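Participant:
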Amino acid sequence: MTNDPSGLAIETSGLVKVFGETRAVDGVDLAVPSGTVYGVLGPNGAGKTTTVKMLATLLRPDGGEARIFGKDVVRDANAVRSRVSLTGQYASVDEDLTGTENLVLLGRLLGHKPAAARVRAAQLLEAFGLSEAAAKQVKNYSGGMRRRIDIAASILNTPDLLFLDEPTTGLDPRSRNQVWDIVRAVVAQGTTVLLTTQYLDEADQLASRIAVIDHGKVIAEGTKGELKASVGAGSVHLRLRDAAQR
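The opening position of the sequence shown corresponds to residue 159 in my numbering, with each subsequent residue numbered one higher.
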């Protein structure tokens, strides 16, 4: 598949989504370079998930335009879907199936033959550190293990663009670090990642560029260095007259 000549995986202009009287997304402009991690940072209710759903063709925009690798998300929705994958905030795998059964099932749905689906499932379970839990039902997995199996399911067929919607919410620090390592490995394979998060440190660790969204609007955008510099710095120097009082 050819990429957009502009070198952008995602390009939006004035993107809008309205629910009743609420403008959940209010004129969002994004330009996401291919082959990078792009962070979308903001609090709950800022419009991050709604933006992702429009880009992934799950919601129809009420205004503006959005293109994925040059393809319009409304007019060329099927072409967009063939190149993207989405991991939402909650696990989408079947909790009553084992790790292996989940990945084999999804592999078959994606067109792999039975043997190829089993091979691919085993590869991903090993790569994500889940081989020992492969025969366990997913409902017995820890939170971190569920996130890993969910991301594994998203890359059964390696997507050109992976949406990760708050992938580490509620995880302990060790599990968060494991998910971060997975994100870095996915990008190293050539996939572009759009990562939404509430955590400044997560965006700082992973993203080369960051858009800060609040009340459906982009209020700041740039590299992490540019954003830090824009905040400014200040310091207060205190000297005690009597050093013994320190």
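We put the beta carbon where it would ideally sit given N, CA and C, even for glycine. Small disclaimer: the values here were computed from a predicted structure and weren't measured.
In whole angstroms, what separates the C-alpha of ASP252 from that of ILE368?
Facilitator: Going from the Cα of ASP252 to the Cα of ILE368 covers about 33 Å.
Participant: Could you tell me which of GLY200, GLY205 and THR170 sits nearest to ASP230, measuring between CA atoms?
Facilitator: The residue with the shortest Cα to Cα distance from ASP230 is THR170.
Participant: Less than 8 Å between C-beta atoms, sequence neighbours within five positions excluded: which residues of the same chain meet that for GLN295?
Facilitator: GLU253, ASP254, LEU255 and THR256.
Participant: Indicate the three-state DSSP secondary structure (helix, strand or coil) for ILE368 in the structure shown.
Facilitator: Strand at ILE368.
Participant: So what does DSSP say about ASP362, is it helix, strand or coil?
Facilitator: It is helical.
Participant: Below 8 Å CB to CB, which residues in the same chain sit around ASP323 once its five sequence neighbours on both sides are set aside?
Facilitator: Once the five neighbours on either side are set aside, the close Cβ partners of ASP323 are LYS206, THR207, VAL210, LEU244, THR245, GLY246, GLN247 and THR354.
Participant: Could you tell me whether the region 303-314 touches the region 328-341, where touching means 3 or more Cβ pairs closer than 8 Å?
Facilitator: Yes, the region 303-314 is in contact with the region 328-341.
Participant: In the DSSP assignment, what residue or residues form a beta bridge with THR180?
Facilitator: Paired residue(s): PHE177.
Participant: How long is the line joining the alpha carbons of ALA378 and GLU384, rounded to whole angstroms?
Facilitator: So the two alpha carbons sit approximately 10 Å from each other.
Participant: Would you check if there are 3 or more beta carbon pairs closer than 8 Å linking the region 324-334 to the region 356-374?
Facilitator: With the cut-off at 8 Å, the region 324-334 and the region 356-374 touch.
Participant: Quick one, which of ALA275, SER333 and ARG334 has its alpha-carbon nearest ILE313's?
Facilitator: Here the closest residue by C-alpha is ALA275.
Participant: In the structure shown, what three-state DSSP assignment does ARG241 receive?
Facilitator: ARG241 falls in the coil class under three-state DSSP.
Participant: For TYR299, write down the residues that DSSP places opposite it in a beta bridge.
Facilitator: DSSP, once it has assigned bridges, lists no residue as partnering TYR299.
Participant: Taking DSSP as the reference, what is the three-state secondary structure of SER289?
Facilitator: Residue state, collapsed to three classes: helix.
Participant: At 3 residues or longer, and completely inside the region 227-284: list those beta strand (DSSP E) runs for me, N to C.
Facilitator: Correct list: 242-245.
Participant: Tell me, please, whether the region 256-275 touches the region 212-224 by the rule of three or more beta-carbon pairs shorter than 8 Å.
Facilitator: Because the criterion of three Cβ pairs below 8 Å is not met, the region 256-275 and the region 212-224 do not touch.
Participant: Can you give me the Cβ contacts of VAL190 inside the same chain, cut-off strictly under 8 Å, excluding the 5 residues immediately before and after it?
Facilitator: Cβ within range, chain order: LEU166, ALA167, ILE168, GLU169, TYR196, THR350, LEU352 and ARG367.
Participant: If GLY222 and VAL174 are in contact, beta carbons under 8 Å, what's the gap, nearest whole angstrom?
Facilitator: Contact holds; Cβ gap of about 5 Å.
Participant: Tell whether a beta-carbon distance below 7 Å holds between VAL370 and LEU199.
Facilitator: Their beta carbons are under 7 Å apart, which means VAL370 touches LEU199 by this criterion.
Participant: I need the straight-line Cα distance from VAL394 to ALA280, nearest angstrom please.
Facilitator: Going by the C-alpha atoms only, they are around 56 Å apart.
Participant: What separation, rounded to the nearest whole angstrom, lies between the Cα atoms of GLY380 and THR316?
Facilitator: Between GLY380 and THR316, the C-alpha separation is close to 28 Å.
Participant: From the DSSP output, in three-state form, read off THR208 for me.
Facilitator: THR208: helix per DSSP, three-state reduction.
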